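Before any comments, here is the structure.
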Amino acid sequence: MIKTLTIQELLDQTGHRDFPLPNRHWAFYQEWQDVLFLHWKIPYRMLRELVPDSLTLDCYDGEYYISLVPFSMKNVRPRFLPAFSPVSDFHEINLRTYIQMGGRRGVYFLSIEAEKQISTWISRTISGMPYEKSHIVRDHNCYQSSQPGNNKQLDLEYVVTGDSFVKSPLDHWLTDRYCLFLTEAGQVYRYDVHHVEWPILPVKLLKYHVNYQIGNLVLQNQAPTLMHFSRGVQVLAWGKQL
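Residue numbering for the sequence shown follows the working numbering, beginning at 1443 and increasing consecutively.
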């Protein structure tokens, strides 16, 4: 279970951020729960083909990364409305990479899969992000998904192997990011988010089948370079801006 804070307590915790909170009201509350991070190094040229030229790829010690992130989205709601579980609770899988623009380190989604059709449609309509419906089943520490028409399959079982973890600089670089970027009609937009610093734990894969193909990128059972697990965070999200 994630540690629950009030909205004000959440807003008061900013020392871990690398840029200030937006100077306007947040628009959405959500929780990202039981999050598995699988990270791979990827050649620059392959990644550059997948990301719009208007976005600047971020790297760590000259190395570029992508991350597959299965998790459960919970209690999604607008600022002044309650959550409605048939829409606000669903499983999701992100395939993302890392961007730095305007002094902000963020992420860019190569694909986003969601479990429910209505949640997929609402999320894509409101955010403009590339949400797609997938068949996703989660049972405790097992995660299965398939989107055969788009060459995306996942079958994982994992176990958390400890109750504490000391983050390396690379762990911070991969996980502690507080905005995401997208492009529409050649224009770059940014969504700001806020949460506490990711509380991560060590994890081991017991079962592992990954088959993703996007452009020239093929992930086919390659062992991740690095893995993390988190019980999750509460998240505040702001509206899209230039």
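All C-beta atoms in this analysis are idealised placements derived from N, C-alpha and C, irrespective of residue type, glycine included. It should be emphasised that the depicted structure is a prediction, and the values quoted were computed from it without experimental measurement.
Three-state secondary structure (DSSP) at residue i?
i, result
"Gln1664", "coil"
"Gln1559", "helix"
"Arg1459", "coil"
"Ser1527", "helix"
"Leu1648", "strand"
"Gly1545", "coil"
"Ile1444", "coil"
"Arg1619", "coil"
"Glu1639", "coil"
"Asp1605", "coil"
"Leu1612", "helix"
"Thr1567", "helix"
"Arg1466", "coil"
"Ala1679", "strand"
"Leu1497", "coil"
"Asp1503", "coil"
"Leu1684", "coil"
Assuming residue i and residue j form a contact by the criterion Cβ under 8 Å, report the distance between their Cβ atoms to the nearest whole angstrom.
i, j, result
"Leu1678", "Trp1468", "4 Å"
"Phe1522", "Ser1561", "With 8 Å as the limit, Phe1522 and Ser1561 do not qualify as a contact, their Cβ atoms being about 20 Å apart."
"Ser1530", "Arg1519", "6 Å"
"His1651", "Asp1618", "About 29 Å; that fails the 8 Å criterion."
"Ser1565", "Lys1594", "Actually they are not in contact, since the Cβ atoms of Ser1565 and Lys1594 sit about 17 Å apart, beyond 8 Å."
"Tyr1507", "Thr1456", "About 26 Å; that fails the 8 Å criterion."
"Glu1574", "Cys1584", "Between Cys1584 and Glu1574 the Cβ distance is about 22 Å, and since that is not below 8 Å, they are no contact."
"Met1543", "Val1602", "Rounded, the Cβ-Cβ distance is 34 Å, inconsistent with contact."
"Ser1509", "Leu1616", "7 Å"
"Asn1517", "Gln1450", "The Cβ separation is near 17 Å, so there is no contact."
"Phe1461", "Gly1545", "7 Å"
Taking the alpha helix (DSSP H) that residue i falls in, what are its first and last residues?
i, result
"Pro1520", "Careful: Pro1520 lies outside any alpha helix (DSSP H), inside the beta strand (DSSP E) at Tyr1506 to Pro1520."
"Tyr1486", "Tyr1486 to Leu1492"
"Asp1454", "Ile1449 to Asp1454"
When you compare the CB positions of residue i and residue j, do they come within less than 7 Å of one another, or not?
i, j, result
"Cys1621", "Asp1613", "no"
"Phe1607", "Ile1656", "no"
"Leu1497", "Tyr1550", "yes"
"Val1645", "Val1675", "no"
"Ser1672", "Val1477", "yes"
"Ile1685", "Ser1587", "This structure cannot settle anything about residue 1685, because the visible part of the chain is limited to 1443 through 1684."
"Thr1625", "Pro1494", "yes"
"Leu1537", "Ser1553", "yes"
"Pro1464", "Trp1680", "yes"
"Gln1589", "Arg1632", "no"
"Asn1653", "Gln1664", "no"
In terms of residue numbering, what span does the beta strand (DSSP E) encompassing residue i cover?
i, result
"Glu1599", "Lys1594 to Val1602"
"Gln1586", "Cys1584 to Gln1589"
"Tyr1573", "Tyr1573 to Lys1575"
Practice task
For the stretch 1444-1456 and the stretch 1480-1490, state whether three or more C-beta atom pairs, one from each stretch, are separated by less than 8 Å.
Solution key: Touching, no, given that fewer than three Cβ pairs across the two stretches are closer than 8 Å.
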